[in-house]
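In my numbering, the protein residues as written are 3 to 60.
Only one structure is covered here, and it is reproduced in the block below.
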């Protein structure tokens, strides 16, 4: 199964980026400089939180 776009989050500078999450592998990606892998999450909600935290200083 391919990663699906689950929403958008804002960076600390106010830019908006798409977030993808692959349920089977639990991988989280953010559309920052291509698709950047930001970690793993057990749910879509956790994926959004991880993506937002990862983007905070970007």
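All C-beta atoms in this analysis are idealised placements derived from N, C-alpha and C, irrespective of residue type, glycine included.
Exercise. Is DSSP giving residue 35 helix, strand or coil here?
Worked result: Taking the first residue of the chain shown as 1, we reach residue 35 at position 33. DSSP places residue 35 in coil when its eight states are reduced to three.
Exercise. Would a C-beta distance cut-off of 8 Å place residue 30 and residue 23 closer than the cut-off?
Worked result: Translated into positions along the chain shown, residue 30 becomes position 28. Translated into positions along the chain shown, residue 23 becomes position 21. Going by beta carbons, residue 30 and residue 23 fall inside the 8 Å limit.
Problem set entry | Residues of its chain near residue 20, where Cβ-Cβ distance is below 7 Å and the 5 sequence neighbours each way are ignored | Taking the first residue of the chain shown as position 1, residue 20 is located at position 18. 7, 10, 33, listed in sequence order.
Problem set entry | Sequence-distant residues of the same chain with beta carbon closer than 7 Å to residue 44, five excluded per side | Translated into positions along the chain shown, residue 44 becomes position 42. Within the same chain, residue 44 has close Cβ partners 28.
Problem set entry | Simplified DSSP state of residue 42, which is helix, strand or coil | To locate residue 42, count along the chain shown from 1; it is residue 40. The answer is strand: DSSP assigns residue 42 an E or B state.
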